[in-house]
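Novice: In the order they appear, the protein sequences are chains A and B. According to the numbering used here, the first sequence holds residues 2 to 210 in order. According to the numbering used here, the second sequence holds residues 636 to 1016 in order.
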Amino acid sequence: MTTRTIAVVSAGLGNPSSTRLLADRLTAATVEALRARGDDATVEVVELRGHARDLADNLTSGFANESLQASIDTVVGADAVIAVTPVFSASYSGLFKTFFDVIDKDALIGTPVLLGATAGTARHSLVVEFAMRPLFAYLRAVPVPTGVFAASEDWAGGGSTALAGRVDRAAGELADVLVGRAAGRPAATRPADPFADPTTSFEELLKGR
Amino acid sequence: MQFGIFTVGDVTPDPTTGRAPTEAERLKSMIAIALKAEEVGLDVFAQGQHHNPPFVVSSPTTTLGYIAAKTEKIVLSTSTTLITTTDPVKIAEDFATLQHVADGRVDLMMGRGNTGPVYPWFGKDIRDGIPLAVENYQLLRRLWREDVVDWEGQFRTPLQGFTSTPRPLDGVPPFVWHGSIRSPQIAEQAAYYGDGFFHNHIFWPPEHTQRMVEFYRRRFEHYGHGSADQAIVGLGGQVFMRKNSQDAVREFRPYFDAAPVYGGGPSLEEFSTQTPLTVGSPEQVIERTLGFRDYVGDYQRQLFLVDHAGLPLKTVLEQLDILGEEVVPVLRREFAALKPAHVPDAPTHASLVAAAGGAKDVTVHAPADDVTGRTAEVAQA
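This is the structure:
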């Protein structure tokens, strides 16, 4: 049995937050799906709300403070990421985007990601496909095919069965990607350590000079 | 251990008065600051190079040459010399000239330190930053060490039979530091040549500095220049001091809050925790600075940034008094007591001349063909 680490990124602002609620549902379903496939999971949740000022500071100072760096390390070091954002002005929230802006663009290469979004109206339902998926394509992460969008009506009874079905499907897809993988990032997708001894000699760099 | 100051030469309005110095005032202030640095017993004055407002430091050897004439002991350096966009031929000539007029009191810090828009003004592309630093520096070394250079590279016109004049003073080129905040390639370059490595150290958490210095030390040893703890390391630092730390914080805060390099981000308190910025009493500065050694090891040069963000000249001169009277003497003593004997001091012109077996005149006395320089080659052969 392999233990997988799952980092959950929630950009919800309220308390209680429907974004966090969706993140928790996705997480529980993923843990369950992994167990069904014989793997264990540890979960670490990163609430971006608590990092709102840290992220603004990072933009101006160029580095993450200790608290934000710990969360970045959690996400970058995880076997999989569950990323959920509220929809603001027809896209992911600025807070959500800023978090992925300050992470190194190569840090999530090959990381399986489950995408989720919440909004007040179902008219935003393609935000996962039109906004989130391109962001993670740029990061060369591996988003699973099913993104989970939850509008207000999904929490209000009638739609909840349908929501549960999408949550389970997405969680199953994420578990399928993880199972069979060795724990941790495949070496080929891990960003090169800039402080490793160089493979190209300095003489090589100077050739012809 | 050498102590000094480094300036970036910014023209910034004083946020407490709203008044900005003129370029003339700022240049004269920098000179006054350099003279004061010598007066209070500092070892190094280093000035930056920029080619865009709000800076006044596009011609470093002009100001450094003037300062050389007005001083006797202080080493004149740069922070940094733009090896990416400045023609290495011009650097070779300018700094060899400065060596002669300053009787050898010259070294250099190489840096890429240019923002994107600056590169095209000099016909370069910021994406070539590292290759430019590699190629230009290699050419610069040859221009200082070989009387006649045939050279062809990617970024500048080829040289055929070129002699850079004047030749370095006493046949010894200025010692070179390589400054970089986060590019391992530059630390590698410094290690490859056995040159010094300087980490700006300010504006960033100490972990960045530590990783870069460790890497440089490891590679310095790899290239056979000595053991890792014998590598030549310099650090920046930024301080603002008053007798009482509360006074220092109160006085510096408006400058911190308005400065483009800090403003709008973490608070002064947060920045002081997260980076080496120290605003407080001389004792606090001493303690903090001694602590740098804990994560970079025994190092050779400590430069402080004291004159930016619109601080008035009078205040900066007061800072230099405090540095010279209360801080540096203690740091000198403490660092010297901690340093093992096998760790070298920072190279100076005198030590480099001694290591080269004494001074020799390398003037190229060529028959007059000042068009091609070819005759120098003939004369040599």
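Even for Gly, the Cβ is constructed at its ideal location relative to N, Cα and C.
#1: From Thr800(B) to Glu728(B), what does the alpha carbon distance come to, in whole angstroms?
#2: Using Cβ-Cβ distances below 8 Å, what residues of the stretch 193-207 of chain A are close to chain B?
#3: Between Val868(B) and chain A, is the shortest Cβ-Cβ distance under 9 Å, so that the two count as touching?
#4: Strictly below 7 Å CB to CB, what residues from chain B border Phe64(A)?
#5: Going by C-alpha to C-alpha distance, which of Pro135(A), Phe100(A), Phe137(A) and Ser153(A) sits closest to Arg54(A)?
#6: Which residues bound the alpha helix (DSSP H) around Leu60(A)?
#7: In or out: Pro146(A) buried (at least 16 other Cβ within 10 Å) or exposed?
#8: Applying a beta-carbon distance threshold of less than 8 Å, which residues of chain B neighbour Asp58(A)?
#9: For Gly51(A) and Val10(A), I'd like the C-alpha separation in whole angstroms.
#10: Are there 16 or more other CB atoms within 10 angstroms of the CB of Pro17(A), so buried, or fewer, so exposed?
#11: Are the beta-carbon atoms belonging to Gly148(A) and Gly111(A) less than 9 Å from one another?
#12: Looking at Ala163(A) and His125(A), is the spacing between their C-beta atoms short of 9 Å?
#13: Going by DSSP, what residue range makes up the beta strand (DSSP E) through Val951(B)?
#14: Distance, Cα to Cα, Ala132(A) vs Tyr93(A)?
#15: Identify whether Phe790(B) lies in helix, strand or coil by the three-state DSSP scheme.
#16: Beta carbons nearer than 8 Å to chain A: which residues of the stretch 923-938 of chain B have them?
#17: How long is the line joining the alpha carbons of Gly788(B) and Ile7(A), rounded to whole angstroms?
#18: Relative to the C-alpha of Asp102(A), which residue among Ala184(A), Thr119(A), Val178(A) and Phe137(A) is closest?
#19: Around the C-beta of Glu673(B), are 16 or more other C-beta atoms found within 10 angstroms, so that it is buried, or is it exposed?
#20: Tell me which same chain residues have a C-beta within less than 6 Å of the C-beta of Val261(A), skipping the five on either side of it?
#21: Between Val769(B) and chain A, is there a C-beta pair that is closer than 9 Å?
#22: Which full runs of the alpha helix (DSSP H) of 4+ residues lie inside the stretch 840-883 of chain B, going along the chain?
#23: Between the Cα of Asp830(B) and those of Tyr772(B), His686(B) and Pro841(B), spot the shortest distance and give me the residue it belongs to.
#24: DSSP three-state call for Phe89(A): helix, strand or coil?
#25: By Cβ distance, which residues of its chain are closer than 6 Å to Tyr930(B), with the 5 residues on each side in sequence left out?
#26: Measuring only between beta-carbons, confirm whether His686(B) sits less than 9 Å from chain A.
#27: To test your reading of the DSSP string, which unbroken beta strand (DSSP E) runs of 3 or more residues are found completely within the stretch 145-171 of chain A?
#28: Cβ of Tyr849(B) less than 9 Å from any chain A Cβ?
#29: Can you give me the start and stop residues for the beta strand (DSSP E) that Met665(B) sits inside?
#30: Compare the C-beta of Arg802(B) with all C-beta atoms of chain A and state if any pair is closer than 9 Å.
#31: Check whether the stretch 167-177 of chain A touches the stretch 793-807 of chain B, counting contact only when three or more Cβ pairs, one atom from each stretch, lie closer than 8 Å.
#32: Can you have a look at Asn66(A) and say buried or exposed, based on whether 16 or more other CB atoms are within 10 angstroms of its CB?
#33: Give the straight-line distance between the Cα atoms of Lys981(B) and Gln637(B), rounded to the nearest whole angstrom.
#34: Check the Cβ-Cβ distances between Gln824(B) and every residue of chain A, and say whether any is below 9 Å.
#35: At what residues does the beta strand (DSSP E) containing Phe757(B) begin and finish?
#36: If Thr715(B) sits next to Gly739(B), beta carbons under 8 Å apart, how far is it from one beta carbon to the other, in whole angstroms?
Specialist: Quick answer:
#1: As a first step, residue 800(B) must be located in the second sequence, where it is residue number 165. As a first step, residue 728(B) must be located in the second sequence, where it is residue number 93. Computed Cα separation, rounded: 6 Å.
#2: From the stretch 193-207 of chain A, only Pro195, Phe196, Asp198, Pro199, Phe203, Leu206 and Leu207 have a Cβ closer than 8 Å to chain B.
#3: Taking the second sequence and counting its residues from 1, the one referred to as residue 868(B) is at position 233. It does not: the Cβ of Val868(B) has no partner Cβ on chain A nearer than 9 Å.
#4: Here the question's residue 64(A) lines up with position 63 in the first sequence. Within 7 Å Cβ-Cβ: Trp839 and Pro840.
#5: By one-based count along the first sequence, residue 54(A) stands at place 53. For Arg54(A), the nearest C-alpha among the options comes from Phe100(A).
#6: Taking the first residue of the first sequence as 1, we reach residue 60(A) at position 59. Annotation for Leu60(A): the continuous alpha helix (DSSP H) segment containing it runs Ala53 to Ser62.
#7: Within the first sequence, numbered from 1, the residue matching residue 146(A) stands at position 145. Burial is judged here by how many other beta carbons sit within 10 angstroms of a residue's own beta carbon; Pro146(A) has fewer than 16 and is exposed.
#8: What you label residue 58(A) is simply residue 57 of the first sequence in a count that begins at 1. Result: Gly900, Pro901 and Glu905.
#9: Working through the first sequence from its first residue, we reach residue 51(A) at position 50. Working through the first sequence from its first residue, we reach residue 10(A) at position 9. Rounded to whole angstroms, the separation of the alpha carbons of Val10(A) and Gly51(A) is 12 Å.
#10: As a position in the first sequence, residue 17(A) is number 16, starting the count at 1. Result: exposed.
#11: The residue labelled residue 148(A) in the question sits at position 147 within the first sequence. The residue labelled residue 111(A) in the question sits at position 110 within the first sequence. Contact: no.
#12: As a position in the first sequence, residue 125(A) is number 124, starting the count at 1. As a position in the first sequence, residue 163(A) is number 162, starting the count at 1. If you check the CB distance, His125(A) and Ala163(A) do not come in under 9 Å.
#13: Numbered from 1 along the second sequence, position 316 holds the residue referred to as residue 951(B). Looking at the DSSP string, Val951(B) is not in any beta strand (DSSP E); the run it does join, the alpha helix (DSSP H), is Leu948 to Ile957.
#14: Within the first sequence, numbered from 1, the residue matching residue 132(A) stands at position 131. Within the first sequence, numbered from 1, the residue matching residue 93(A) stands at position 92. A direct Cα-Cα distance of roughly 7 Å separates Ala132(A) from Tyr93(A).
#15: Counted from its first residue, the second sequence places residue 790(B) at position 155. The answer is coil: DSSP assigns Phe790(B) none of H, G, I, E or B.
#16: So the list is empty, because no residue satisfies the distance condition.
#17: Residue numbering aside, residue 788(B) sits at position 153 when the second sequence is read from its first letter. Residue numbering aside, residue 7(A) sits at position 6 when the first sequence is read from its first letter. In a straight line, the C-alpha of Gly788(B) is about 50 Å away from that of Ile7(A).
#18: For the purposes of this step, residue 102(A) is taken as the residue at position 101 of the first sequence. Out of Ala184(A), Thr119(A), Val178(A) and Phe137(A), Phe137(A) has the C-alpha closest to the C-alpha of Asp102(A).
#19: Position 38 of the second sequence holds residue 673(B). By the neighbour-count rule (16 or more Cβ atoms within 10 Å), Glu673(B) is buried.
#20: Lying before the first or after the last residue shown, residue 261(A) is absent from chain A, which here runs from 2 to 210.
#21: Start at 1 with the first residue of the second sequence, and residue 769(B) comes out as number 134. Using beta-carbon distances, Val769(B) counts as an interface residue toward chain A, with a partner under 9 Å.
#22: You should have 841-857.
#23: As a position in the second sequence, residue 830(B) is number 195, starting the count at 1. Checked all of Tyr772(B), His686(B) and Pro841(B); the closest Cα to Asp830(B) is Tyr772(B).
#24: As a working mapping, residue 89(A) is identified with position 88 in the first sequence. If DSSP states are grouped into helix, strand and coil, Phe89(A) belongs with the strands.
#25: On the second sequence, residue 930(B) is found 295 positions in, with the first residue counted as 1. Same-chain partners within the cutoff: Pro841 and Gln845.
#26: For the purposes of this step, residue 686(B) is taken as residue 51 along the second sequence, with counting starting at 1. Look at His686(B): its C-beta is not under 9 Å from any C-beta on chain A.
#27: Along the stretch 145-171 of chain A, the beta strand (DSSP E) occurs as fully enclosed runs of 3 or more residues at 149-152, listed in sequence order.
#28: For the purposes of this step, residue 849(B) is taken as the residue at position 214 of the second sequence. Residue identity check: residue 849(B) is Glu in the sequence provided, not Tyr. Cβ-Cβ to chain A under 9 Å: yes for Glu849(B).
#29: By 1-based counting over the second sequence, the position of residue 665(B) is 30. For Met665(B), there is no enclosing beta strand (DSSP E); the enclosing alpha helix (DSSP H) has its first and last residue at Glu658 to Glu674.
#30: Taking the first residue of the second sequence as 1, we reach residue 802(B) at position 167. Not one chain A Cβ lies under 9 Å of Arg802(B).
#31: Output reads no: the stretch 793-807 of chain B does not touch the stretch 167-177 of chain A.
#32: Against the first sequence, residue 66(A) aligns to sequence position 65. In summary, Asn66(A) is buried, with 16 or more beta-carbon neighbours lying within 10 Å of its beta-carbon over all protein chains present.
#33: Along the second sequence, read from residue 1 onward, the residue named residue 981(B) stands at position 346. Along the second sequence, read from residue 1 onward, the residue named residue 637(B) stands at position 2. Correcting the residue type first, residue 981(B) is Ala in the shown sequence and not Lys. Each residue's Cα considered, the two are about 7 Å apart.
#34: Along the second sequence, one-based indexing puts residue 824(B) at 189. Chain A, which has a Cβ nearer than 9 Å to the Cβ of Gln824(B), makes this yes.
#35: The count along the second sequence starts at 1 and reaches residue 757(B) at position 122. Counted as a single uninterrupted DSSP element, the stretch harbouring Phe757(B) is not any beta strand (DSSP E), since DSSP gives it neither H nor E.
#36: On the second sequence, position 80 is the one that residue 715(B) refers to. On the second sequence, position 104 is the one that residue 739(B) refers to. So it is not a contact: roughly 21 Å between Cβ atoms.
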